[in-house]
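Residue numbers (mature numbering (1 follows the signal peptide of the UniProt record, and there is no 0)): -22 to -1, 1 to 144.
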């Protein structure tokens, strides 16, 4: 019994002695924090990709509108404007097909790089496209990637707004 009583009384003294060896919290140097870099596009760290919800799935408004490969594409009233495209927030209407945004790879106010899902003439396919606006906003360059992609970029000119026809 004497050993148990001795241990019980020695234990608090031993703990008190150990705590006396530790530095007081106020005397400890502050730990340095390493800040994680944030990239201009909102990504975190070197080479981080933006989160999909940041990119969204809409085509930038500067790219919206009617665009023609030749001037007649913008003015034809006979329905034969095969080089006319109409771009809205969700996709691109071509002469005989429609392409909607499937997955965005990169995007800015005047550029979009994305995979598009196409439908037309009873068929479905996907294709990568890069849409980029000229500095003055009057021309749109469209290039494609993927199977059966157009080899050379196509340059479209912005069509004048159509007046109300009643």
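Each residue gets a CB set at the ideal place from its N, CA and C atoms; glycine is no exception.
Keep in mind it's a predicted model, so treat the numbers as computed, not measured.
Under the 8 angstroms Cβ criterion, the region 97 to 109 counts as touching the region 65 to 79, having at least three qualifying pairs. Residue nearest to residue 49 within the set 93, 126, 117 is 117 (criterion: CA-CA distance).
Each of 101, 88, 70, 106 was checked against the Cα of residue 82, and the nearest Cα belongs to 106. Residue pairing by DSSP puts residue 92 in a beta bridge opposite 82, 107.
DSSP places residue 132 within a strand segment (E or B) once states are collapsed to three. Pairing residue 88 with residue 38 gives a Cβ-Cβ distance under 8 angstroms.
Rounded to the nearest angstrom, the Cβ distance from residue 109 to residue 120 is 6 angstroms, consistent with a contact under 8 angstroms.
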